[in-house]
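Residues 3 to 311 (our numbering) make up the sequence shown, in order. Where is the CB? At the ideal position from N, CA and C, for every residue including glycine. Report on one structure; see the data block that follows.
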Amino acid sequence: MITKQKFLTVIKEYLLLTLACFVFAMAWEGFMIPSGMSAGGMMGLSTVIQYATGGLIPAQYTYVVINVLLILIAMWFMGIGFGFKTIYCIIVSTIFMGIVGNLEFLHCVEGQFFYVKDRLLVPLIAGSLEALSIGIIIRNGGSTGGTDIIALMINKFWPVSLSTAFVILDLVIVTLILFLPGKIFTDMVYGIVEIVAFSILVDVVVSGQKGSSQILVFSDKYQEIADHIINDMGRGVTVLKAQGWYTKSDKNLLLILIGRQELPSLMKKIKQVDAKAFMSVSPTNNVYGEGFDEIKVGIDKKKLRKYDD
Numbered sequence: 003m004i005t006k007q008k009f010l011t012v013i014k015e016y017l018l019l020t021l022a023c024f025v026f027a028m029a030w031e032g033f034m035i036p037s038g039m040s041a042g043g044m045m046g047l048s049t050v051i052q053y054a055t056g057g058l059i060p061a062q063y064t065y066v067v068i069n070v071l072l073i074l075i076a077m078w079f080m081g082i083g084f085g086f087k088t089i090y091c092i093i094v095s096t097i098f099m100g101i102v103g104n105l106e107f108l109h110c111v112e113g114q115f116f117y118v119k120d121r122l123l124v125p126l127i128a129g130s131l132e133a134l135s136i137g138i139i140i141r142n143g144g145s146t147g148g149t150d151i152i153a154l155m156i157n158k159f160w161p162v163s164l165s166t167a168f169v170i171l172d173l174v175i176v177t178l179i180l181f182l183p184g185k186i187f188t189d190m191v192y193g194i195v196e197i198v199a200f201s202i203l204v205d206v207v208v209s210g211q212k213g214s215s216q217i218l219v220f221s222d223k224y225q226e227i228a229d230h231i232i233n234d235m236g237r238g239v240t241v242l243k244a245q246g247w248y249t250k251s252d253k254n255l256l257l258i259l260i261g262r263q264e265l266p267s268l269m270k271k272i273k274q275v276d277a278k279a280f281m282s283v284s285p286t287n288n289v290y291g292e293g294f295d296e297i298k299v300g301i302d303k304k305k306l307r308k309y310d311d
């Protein structure tokens, strides 16, 4: 039985996914392609193919074909499953790319509203839009495919952040534009600018949900705070023995690791319990273990089976 709250949550997620897909389409069909630019990712590869064929093969068609192949490879060889949201985002993004591509008033060309005179700003704007769109899509459980899928396959076995995986793949693809007639080193630089803008901002958008915080709490009411963290938040907490050097008295220090989105509610609770509590909060993006990210390393499965035998 689907509750009203769950139904509204699903509707909200798909509205955000749809909006993000439009923003993704604007980044490419609105800014990059009308400016004759390319970057990384499967869309970058698709634009190179479009330029190489003189527009005979539009980028959105290549984008769909590549994504279908990548999804089949990921499912067949890696065992990675893709839900309806990923398929939805790929289809909707492709539809929006076709729509935006045919609406000149949405293009970054002279005489139109989105025209940008300084060409260097074009990849910066496009990279920011793409990062915003990908970040929203990932936060809502979807993917636009392409290098997202390859990054997920890499991340399955190696502890590589999303931005690092994207950059490695994108730098390989962005150099392909140099093989096209009439393209020069400057064209590749524009692509790198788009990649840098994207890689910096995508983790910012995603970490709004997935980032973590490390907190140290000094309080005489540490037991009540610790009980709240364990019982009400479902998180772990460690009590460390410390000594105040000025007073030479023993203290109990709480060490807490929580998701960044949980930080405001915890700080509010600590303030309610002990208004004089002393806290130190540090952001951290790499927390591995139960309740956080899984430790992923490249393990030779054949050797692992050998040891098991």
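Which of the three DSSP states is assigned to residue i in this structure?
i	result
V241	strand
M281	strand
F220	strand
I227	helix
T49	helix
N254	strand
A22	helix
S214	strand
I260	strand
T88	helix
T249	coil
T2	Missing from the structure shown is residue 2; the chain here goes from 3 to 311 and no further.
T146	coil
T316	For residue 316 there is no data in the structure shown, the boundaries of the chain being 3 and 311.
Using only CA atoms, which one of the options lies nearest to residue i?
i	options	result
P266	D276, K278, L255, V283	V283
E226	A244, K273, C110, I186	K273
A22	I92, Y63, P36, T5	I92
S95	V275, L10, M77, T20	T20
A228	K185, Y248, V275	V275
V67	L47, F86, W78	L47
E112	L173, G32, I75	G32
G184	Y16, L17, F26, V50	V50
I101	F86, A133, W78, Y63	Y63
Below 8 angstroms on the Cβ atoms is my guess for residue i versus residue j; work out the distance and round it to an integer in Å.
i	j	result
I260	S215	6 angstroms
A41	G238	The Cβ separation is near 42 angstroms, so there is no contact.
F116	L108	6 angstroms
I73	G144	The pair is not a contact, with the Cβ atoms about 13 angstroms apart (cut-off 8 angstroms).
A61	M99	7 angstroms
Among the residues of its own chain, which have a CB less than 6 angstroms from the CB of residue i, if the five just before and after it don't count?
i	result
N254	Y224, V241
I136	V204
K271	H230
F24	F98
M34	A128
G312	Any answer about residue 312 is impossible in this case: the structure gives the chain only from 3 up to 311.
L10	none
Which residues in the same chain as residue i place their Cβ atom closer than 7 angstroms to its Cβ, once the five residues preceding and following it in sequence are excluded?
i	result
S130	A199, L203
L279	Checking the displayed sequence, the identity of residue 279 turns out to be Ala instead of Leu. Closer than 7 angstroms at Cβ, skipping near neighbours: V219, F220, S221, I272.
Short of 8 angstroms in beta carbon distance, which residues of its chain neighbour residue i, apart from the five on each side in sequence? Order them along the chain.
i	result
V195	L122, P125, L126, G129
K6	none
Taking 8 angstroms as the threshold, find out whether the stretch 139-147 comes into contact with the stretch 48-62 through three or more Cβ pairs.
no
Any 3 or more C-beta pairs closer than 8 angstroms across the stretch 99-107 and the stretch 173-181
no
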